[in-house]
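Residue numbers (the UniProt record's numbering): 1 to 327.
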């Protein structure tokens, strides 16, 4: 099953921007939100779709996204139609309500997906499970799979548009038209921190609020190199941005993955360069790397009619999962 960009959406930037800004909502789904208390006295919100004890798929969104992102809702709709349940994890502070600690989420933070997985396995030890991650969520997923090796029982995993080598991606976003994405994401991240700070002060969590205040004025931060050094590294125990990128990049974990995994990357992804792609000897026998010529970043729009776009990922992902005997 190969991806072919439609005649009306040929370039990487159009592929990236169109679904992010113009995608219409999927069909209305019956979503049940559950709040899970985490071991560090915080919480994560999970949006479940589907009923019963049918197979269940964990979904992980990208940077500044949420369970409301179009690519998440679209997959939940497709899975529901196939009789599969889904559980969309909102990373901390992404569910519409700030979390209660200064810590946020980042590309190498695998604690929350592991916590969710353990909860689901405890509740339903025999239920077939799979997982899908996009962009940052894909990096988290691949890193977690590599860390866990044979310690997880998943039928399948899919990761899409993954920043496999974080320093290369951070540098790429400092060049050309990609700076537009960088500036938009940095603005959203700064707003996320401001909202969290005001919330923590309002609920009297002054010690946590102080951790954010000590980061200083972030108005001069203009790149991910700066943001990840000033914010992510300081809040999450890394020595500096270099330590964060080195330890959190997922490419180094691919060899240790024991779950059947499909990695989908677009050669023209404006968030990265082909230099992030792994060589065959870096892949576990369980990992299939599928590189498409086009598709942009979490784009992969298809269809002949611009008024009725379709999304190739919503065909490719369910097909791969089904091929692994997911039922």
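Think of the CB as a built atom: it goes at the ideal place given N, C-alpha and C, for glycine as much as any other residue.
query: On a CA-only basis, which of 264, 214, 102, 105 is nearest residue 300? Give me that one, please.; result: 264
query: Tell me residue 310's beta-bridge partners as DSSP assigns them.; result: 302
query: Could you check whether the region 90 to 97 touches the region 316 to 325, counting it as contact only if at least three pairs of C-beta atoms, one from each stretch, sit closer than 8 Å?; result: no
query: Hey, could you find the ends of the alpha helix (DSSP H) residue 224 is sitting in?; result: 224 to 227
query: Can you list, in chain order, the residues of its chain with a C-beta nearer than 7 Å to that of residue 147? Leave out the 5 residues immediately preceding and following it.; result: 110, 253
query: Rounded to whole angstroms, what is the Cα-Cα separation between residue 223 and residue 53?; result: 45 Å
query: Count the other C-beta atoms from every protein chain shown that fall within 10 angstroms of the C-beta of residue 130, then say buried if there are 16 or more, exposed otherwise.; result: buried
query: Taking the alpha-carbon of residue 154 as reference, which of 190, 262, 185, 242 has the nearest alpha-carbon?; result: 262
query: Starting from residue 167, follow the beta strand (DSSP E) in both directions and report where the run begins and ends.; result: From DSSP, residue 167 is part of no beta strand (DSSP E) but of the alpha helix (DSSP H) over 166 to 172.
query: Helix, strand or coil: how does DSSP classify residue 119 here?; result: helix
query: Could you check which residue in 281, 183, 101 has the C-alpha nearest to that of residue 201?; result: 101
query: Extract the residue ranges of the alpha helix (DSSP H) inside the region 84 to 133, only unbroken runs of 4 or more that lie entirely within it.; result: 111 to 123
query: Could you check if residue 44 is buried or exposed, using at least 16 other CB atoms within 10 Å of its CB as the buried criterion?; result: buried
query: CA-CA distance, residue 177 and residue 122?; result: 46 Å
query: With H, G and I counted as helix, E and B as strand and the rest as coil, what does DSSP make of residue 63?; result: coil
query: When you compare the CB positions of residue 37 and residue 269, do they come within less than 8 Å of one another, or not?; result: no
query: Look up residue 193 in the DSSP assignment and say whether it is helix, strand or coil.; result: helix
query: Compute the distance between the beta-carbons of residue 284 and residue 165, then report whether it is under 8 Å.; result: no
query: Is residue 116 near the ligand ZN - that is, is its Cβ less than 7 Å away from at least one heavy atom of it?; result: The ligand ZN is not part of the structure shown, which contains no ligands of any sort.
query: Using a Cβ-Cβ cut-off of 7 Å (strictly less than) and excluding sequence neighbours within five positions of residue 114, which residues of its own chain qualify?; result: 144
query: What are the start and end residues of the beta strand (DSSP E) that includes residue 328?; result: This structure gives no information on residue 328, because the portion of the chain shown stretches from 1 to 327.
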